[in-house]
Amino acid sequence: MKGGCFMRHDMAVLATNHLKRAQEDLQSAESKITDGCYKIAINHSCYAIFFSLLAVNTLDGFEEVEQTALLTHFNRYFVHTGVFGAEMYKMIDSVYNVRDKCDNDDFYISTRGEAEEQLAKAQKFVETVKIYIKRISI
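Just so you know, we're using this note's numbering here: the sequence shown kicks off at 39 and counts up by one.
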């Protein structure tokens, strides 16, 4: 296949960039918790998961950035096949649901504990993705 080696290299670079962004969002979430900005911290935790999903899916040749498509692809090709456990998908769903409340419910008040819980879930997911990518790297 013409250019196959370069394309695989480009995808690896792109996945690495997505993971760097995920790590930046984790750091931002930690900082926002310290600042008392819990809704913003939850949002950054969610973005850390989003960019980790992008990294995994990019290495699979799936480059969609729409959230529903990313989750569907991840669930079909990584959770249902046993690459990642079902608890990972449940974790993603949980963080996204809390973020949705923060973004769309004007009366919703997030707490420090809730922001820390979402951050811990995001950290676990990002770390799991890093381990997976390291394992599949040649």
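Using N, Cα and C, we set each Cβ at its ideal position, and we do this for glycine too.
Remember, predicted model here, so these are calculated numbers, not experimental data.
Sequence-distant partners of Phe100 (beyond 5 residues in either direction) whose C-beta falls short of 7 Å from its own C-beta, in its chain, are His111. Note that the C-beta distance between Ala93 and Ala67 is not below 9 Å. For Asn95, the enclosing alpha helix (DSSP H) stretches over residues 76 to 97.
DSSP places His118 outside both helix and strand once states are collapsed to three, so it counts as coil. The beta carbons of Tyr76 and Arg150 sit closer together than 9 Å.
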